[in-house]
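*Asks:* Just passing along the structure, written as structure tokens.
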Amino acid sequence: MAQSAVQRTTIEPRTEFKRGVDKRARLRRQMYVAQMASFILDAAILFLYALNGTISISASAWYVAAGVGWTAIALILSELHFNDRFRDHYLTVPQSLGSIGIELLAIYFIPEVGFYFACIIFVVLGFGALRMSARQTGVVWAYAAIGLTTVFTLTNQRIAMPMDSYADRHLALLCFVTALGRCAFTGLYGASLREALYRRGNELKLAHAKIEELAQVDELTGVLNRRYVMRALNDEMARAQRAGTPCSLAIIDIDFFKRINDSYGHPTGDEVLRGFALMLVRNMRSIDRIGRYGGEEFLVVMPDAAKDQAVLVMDRLRQIISEQHWDSVSDDLRVTLSAGIAQVRPNDAPEDTLARADAALYKAKDAGRNRVAVG
Numbered sequence: 011m012a013q014s015a016v017q018r019t020t021i022e023p024r025t026e027f028k029r030g031v032d033k034r035a036r037l038r039r040q041m042y043v044a045q046m047a048s049f050i051l052d053a054a055i056l057f058l059y060a061l062n063g064t065i066s067i068s069a070s071a072w073y074v075a076a077g078v079g080w081t082a083i084a085l086i087l088s089e090l091h092f093n094d095r096f097r098d099h100y101l102t103v104p105q106s107l108g109s110i111g112i113e114l115l116a117i118y119f120i121p122e123v124g125f126y127f128a129c130i131i132f133v134v135l136g137f138g139a140l141r142m143s144a145r146q147t148g149v150v151w152a153y154a155a156i157g158l159t160t161v162f163t164l165t166n167q168r169i170a171m172p173m174d175s176y177a178d179r180h181l182a183l184l185c186f187v188t189a190l191g192r193c194a195f196t197g198l199y200g201a202s203l204r205e206a207l208y209r210r211g212n213e214l215k216l217a218h219a220k221i222e223e224l225a226q227v228d229e230l231t232g233v234l235n236r237r238y239v240m241r242a243l244n245d246e247m248a249r250a251q252r253a254g255t256p257c258s259l260a261i262i263d264i265d266f267f268k269r270i271n272d273s274y275g276h277p278t279g280d281e282v283l284r285g286f287a288l289m290l291v292r293n294m295r296s297i298d299r300i301g302r303y304g305g306e307e308f309l310v311v312m313p314d315a316a317k318d319q320a321v322l323v324m325d326r327l328r329q330i331i332s333e334q335h336w337d338s339v340s341d342d343l344r345v346t347l348s349a350g351i352a353q354v355r356p357n358d359a360p361e362d363t364l365a366r367a368d369a370a371l372y373k374a375k376d377a378g379r380n381r382v383a384v385g
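Taking this note's numbering, the leading residue of the sequence shown gets 11, the next gets one more, and so forth.
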């Protein structure tokens, strides 16, 4: 059995890792299919230009071969999980450089409709910038700018946008409309990424708040754990000493709790602790801070409460606890408490007040238990 538990512990992280890798591969596959579809759309428009006599049919053929071939290589590497070796598993920079390189070659070799490929460069750079850092975007932009500068100024190619005929105008309109559509898609994709990040951020905030709450609360009783009730004590003491207002604390102990555990069992003892803590919370003020001090002991910090008021509150709580029926736990079970109270003095450190409250608690126990004493 121990071996199977170890195996589960070992296998589950591997399974989760594999799921994450498969999910990334699926997302990359969708992106590469969309990229391939974009190249095919461009090739279809070039084919229409070829039918119109503006360019040769071979121009459309080599363009689609270059675009689809480049994307196919990227897809194969992705399916082999080559991309997972890198921080950016989309390999956005190489993908952007390759796609822009194809467009620059198309401007040079098919200058008759070079305007269209220049438009596509805007789309490629805009889409890539969604996943690139500022430095990476600058590198890709510089690459595109140098390439365009080379084609425009260092060659004799006449970069054109045919507008001579009615068909030319319609084809030019088609080029701009499809390019604008891809720009719009890029914007929508960016918005979806921002929305996903915003949603993930909220989920992380909620998870952090939950972890923070769990870190503050005693798992068994639901009240503050020792660390945080001591922090609350420090805060309330500092506030009371600064403002000159009263502040009292009580250390409460469940009488003969060890006997309850020994006689009824630890599960019953846990039920008693839970029920006891619940009655504490229900019968104290909302501003009082209640925490499990250790074992069957609880610490209650009572801001704006002088010693006499704290005694009345604790004595009333003592009566409620002693009169409580515990039939749901055990038919013959009776629970009582002893409490030691101390009021914060102007120059007290937390240890001083706690020591007086602890001494008062022992005084209550020595006097027969089921009573409240003051230190």
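C-beta atoms are modelled at their ideal positions from N, C-alpha and C, and glycine is treated no differently.
#1: According to DSSP, D263 sits in a beta bridge with which residue or residues?
#2: Less than 8 Å between the beta carbons of L259 and N293, yes or no?
#3: Between E89, G136 and D325, which lies nearest to D32 when the distance is taken from Cα to Cα?
#4: Rounded to a whole number of angstroms, what is the C-alpha to C-alpha distance between I86 and M240?
#5: Quick one: give me the first and last residue of the beta strand (DSSP E) that V384 is part of.
#6: My output table needs one value for G301: the three-state DSSP class, helix, strand or coil.
#7: Measure the C-alpha to C-alpha separation of A352 and I221 and round it to an integer number of angstroms.
#8: In terms of residues, what are the limits of the alpha helix (DSSP H) holding N244?
#9: So A371 and D263 are supposed to be a Cβ contact under 8 Å. How far apart are they, rounded?
#10: Would you mind giving the Cβ-Cβ distance between G301 and R236, rounded to the nearest angstrom? I have them listed as a contact below 8 Å.
#11: Report the rounded CA-to-CA distance for T19 versus H276, giving the unit in angstroms.
#12: If contact is defined by three or more beta carbon pairs under 8 Å, each pair taking one atom from either stretch, is the stretch 87-107 in contact with the stretch 146-158?
#13: Opposite M312 in the DSSP bridges: which residues?
#14: Helix, strand or coil: which one does DSSP assign to V339?
#15: Hey, how far is the Cα of L214 from the Cα of L207?
#16: Is P172 near the ligand HEM, in the sense that its beta carbon is under 7 Å from a heavy atom of that ligand?
#17: How big is the Cα-Cα spacing for S14 and G200?
#18: Just the C-alpha distance for I131 and L216, rounded to the nearest angstrom, thanks.
#19: Can you grab the Cα-Cα spacing for the pair I21 / R29, in whole Å?
#20: If you drop the 5 nearest sequence neighbours on each side, which residues of the same chain put their C-beta closer than 8 Å to that of I67?
#21: If I'm right that P256 touches A316 with Cβ under 8 Å, what's the distance once you round it to whole angstroms?
#22: Taking the straight line between their C-alpha atoms, what separation do you get for N93 and M41?
#23: Keeping to the same chain, check which residues put their C-beta closer than 7 Å to that of V291; ignore five residues upstream and five downstream.
#24: Give me whichever residues DSSP pairs with V227 in a beta bridge.
#25: Could you check which residue in Y100, F162, R95 and V150 has the C-alpha nearest to that of F125?
#26: Could you check the C-alpha separation between A75 and R97 for me, to the nearest Å?
#27: Per DSSP, which residues does Q334 bridge with? Please list them.
#28: Tell me where the alpha helix (DSSP H) around D280 begins and ends.
#29: Rounded to whole angstroms, how far is the Cβ of A196 from the Cβ of V133, which I believe are closer than 8 Å?
#30: Run through DSSP, which three-state label would Q353 get?
#31: Within this structure, are the beta carbons of L135 and A154 separated by less than 8 Å?
*Replies:* The relevant details are as follows:
#1: E307 and S348
#2: no
#3: E89
#4: 60 Å
#5: V382 to V384
#6: strand
#7: 33 Å
#8: R236 to A253
#9: Note on identity: in this sequence residue 371 is Leu, with Ala being the wrong assignment. About 6 Å; that satisfies the 8 Å criterion.
#10: 6 Å
#11: With a pLDDT of only 45 at T19, under 50, the local geometry of the prediction cannot be trusted, and no value is derived from it.
#12: yes
#13: S258
#14: coil
#15: 10 Å
#16: Here there are no bound small molecules, and the ligand HEM is not part of this structure.
#17: Residue confidence for S14 is low, a pLDDT of 49 falling below 50, so the modelled location carries little weight; the figure read from the coordinates is stated next. C-alpha separation (whole angstroms): 45 Å.
#18: 41 Å
#19: For I21, the predicted structure reports a pLDDT of 48, less than 50, and the residue's modelled location is therefore unreliable. A value from the coordinates is still provided. If you take the alpha carbons of I21 and R29, they lie about 12 Å apart.
#20: F57 and A60
#21: 4 Å
#22: 13 Å
#23: V233 and I300
#24: L234
#25: F162
#26: 29 Å
#27: Bridge partners of Q334: none, in fact.
#28: H276 to N293
#29: The sequence as given places Thr at residue 196; Ala does not occur at that position. Yes, T196 and V133 are in contact; Cβ-Cβ is about 7 Å, under 8 Å.
#30: strand
#31: yes
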